[in-house]
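In terms of the UniProt record's numbering, the sequence shown has 76 at position 76, counting the first letter as 1, and numbering is strictly consecutive. The beta-carbon is built from N, C-alpha and C at its ideal position, and this holds for glycine as well. One structure is given below, encoded as structure tokens.
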Amino acid sequence: MRPDGRDGTVSTTLSREASQAFSNFQLHLLFKDFKVFDIDGNGSITEKEIKSVLMKVSDKSILGDVKNMIKEVDTDGNGEIEFPEFVQLMYLLKTKKIKTSRFGNVVKKVTTIKREGGGVHSYTQEEKEGLVDFINNSLAGDQSVAHIIPIDPRGDDIFYEVRDGILFANIINKYFKGTINMRGIVQKPRLNKFELINNLNLVLQASKKLGIKLVNIGPEDILEKREYLILGLTWQVVKASLMKQVSSNPNLDKLKKQ
């Protein structure tokens, strides 16, 4: 069975531990990250492909170390990284069975890249951390999202936590009260795809009302964890919230009169 999921699954050659550590959806997302590096789509990552990705994100400083990066992940010794080896590395890092990995660091840095129409989209870790910190501070003490907040700004949890639309809905209503009717938002532990799309459509409709520009983003993009689109939407929501805070500041009128 190929790791490209042509028969409807991701892979059957994953270790038992790694298979149990990740849900099917998480494996699906890991496979999307794997494909960022697997440029020719043949199911394995080569030294040349890693170097190509590094060049596209303007990181030439570690090009000479790529061969050694592959060695630390390449358990079968064929000089390439297959998807099961990729997942095994993510499993070891997730469970802290290894503290760090040179290739793991590269993956973390460029996991935000998406190959859309031949283009490369990325964002910095600092940008993501700033947005997550704002959300954490804004929703601290909100019992409706107490199971989510605080979100670790250093990790990628934000991309999973926004999937059901509840986080977006709460941050929007925090600064623009009543914009979203929360009775229309499905809130329960496990939502099916129809319910997820319903929530996200309500969030996107509310965002449009606030003047937020939604270019090439729909519910499916959020469900598929398209990071740069999610952070683009998040940034616009945060920006609108900050502007609302400024415009509602009573001291602003005093400054204008001075």
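1. Of all the options 79, 83, 68, 77, which has the alpha carbon lying nearest to the alpha carbon of residue 101?
2. In the DSSP assignment, what residue or residues form a beta bridge with residue 82?
3. Along the chain, which unbroken stretches of the alpha helix (DSSP H) at least 4 residues long are found entirely within the UniProt domain "Calponin-homology (CH)" (125-242)?
4. Could you check where the alpha helix (DSSP H) with residue 67 kicks off and where it finishes?
5. Just to confirm my understanding: we take residue 186, look at its own chain, exclude 5 residues before and 5 after, and list those with CB closer than 7 Å. What are they?
6. Under 8 Å, with one C-beta from each stretch per pair, do the region 199-208 and the region 133-144 reach the 3-pair mark?
7. Using a Cβ-Cβ cut-off of 7 Å (strictly less than) and excluding sequence neighbours within five positions of residue 244, which residues of its own chain qualify?
8. Tell me which same chain residues have a C-beta within less than 7 Å of the C-beta of residue 191, skipping the five on either side of it?
9. What does a CB cutoff of less than 8 Å around residue 169 pick up in its chain, not counting 5 residues either side in sequence?
10. Quick check on residue 3: does DSSP put it in helix, strand or coil?
11. From residue 95 to residue 229, what distance separates their C-alpha atoms?
12. Distance, Cα to Cα, residue 262 vs residue 227?
13. Just to check my reading of the structure: residue 50 and residue 37 have Cβ atoms closer than 8 Å, yes? What is that Cβ distance to the nearest angstrom?
14. Quick test of your reading: residue 87 and residue 18, contact by CB under 8 Å. State the CB separation rounded to the nearest angstrom.
15. Could you tell me the alpha carbon to alpha carbon distance between residue 224 and residue 33, rounded to whole angstroms?
16. Measure the Cβ-Cβ separation of residue 171 and residue 237 and say whether it is below 8 Å.
17. Let me make sure I understand the geometry here. Which of 143, 155, 154 has the alpha-carbon closest to that of residue 167?
18. Starting from residue 15, trace the alpha helix (DSSP H) both ways and give me its first and last residue.
19. Excluding five sequence neighbours on each side, which residues of the same chain lie with their C-beta closer than 7 Å to the C-beta of residue 151?
20. For residue 47 and residue 80, what's the separation of their Cα atoms in angstroms?
21. Excluding sequence positions up to five away, which residues of its chain have a Cβ less than 8 Å from the Cβ of residue 173?
22. So for residue 50, helix, strand or coil by DSSP?
23. Got a sec? Which residues, its chain only, sit under 6 Å from residue 153 by beta carbon, not counting five neighbours each side?
24. Taking 7 Å as the cut-off, is the beta-carbon of residue 223 closer than that to any non-hydrogen atom of the ligand ZN?
By the coordinates alone:
1. For the residues 79, 83, 68, 77, the minimum Cα distance to residue 101 belongs to 68.
2. 44
3. DSSP runs (the alpha helix (DSSP H)) wholly in the UniProt domain "Calponin-homology (CH)" (125-242): 125-139, 157-161, 166-175, 193-209, 219-223.
4. 66-73
5. The beta carbon of residue 186 is closer than 7 Å to those of 195, 198, 199 in its chain, skipping five residues each way along the sequence.
6. Using a Cβ-Cβ distance cut-off of 8 Å, the region 199-208 and the region 133-144 are not in contact, since fewer than three pairs of beta carbons, one from each stretch, lie closer than that value.
7. Only 175, 176 meet the Cβ criterion.
8. 164
9. 180, 182, 185, 199, 202, 203, 206
10. Caution applies to residue 3, whose pLDDT of 38 falls short of 50 and renders its modelled position unreliable; the value that the coordinates give is listed next. Coil at residue 3, not helix or strand.
11. C-alpha separation (whole angstroms): 28 Å.
12. The question about residue 262 has no answer, for the chain in this structure spans 1 to 258.
13. 6 Å
14. 5 Å
15. 11 Å
16. yes
17. 143
18. Residue 15 -> no alpha helix (DSSP H), and no H or E assigned at all.
19. 132, 135, 136, 157, 158, 161
20. 7 Å
21. The residues 179, 180, 182, in chain order, have a CB closer than 8 Å to that of residue 173 in the same chain once the five nearest residues on each side in sequence are set aside.
22. helix
23. 129, 132, 133
24. For the ligand ZN, the structure offers nothing, since it holds no ligand at all.
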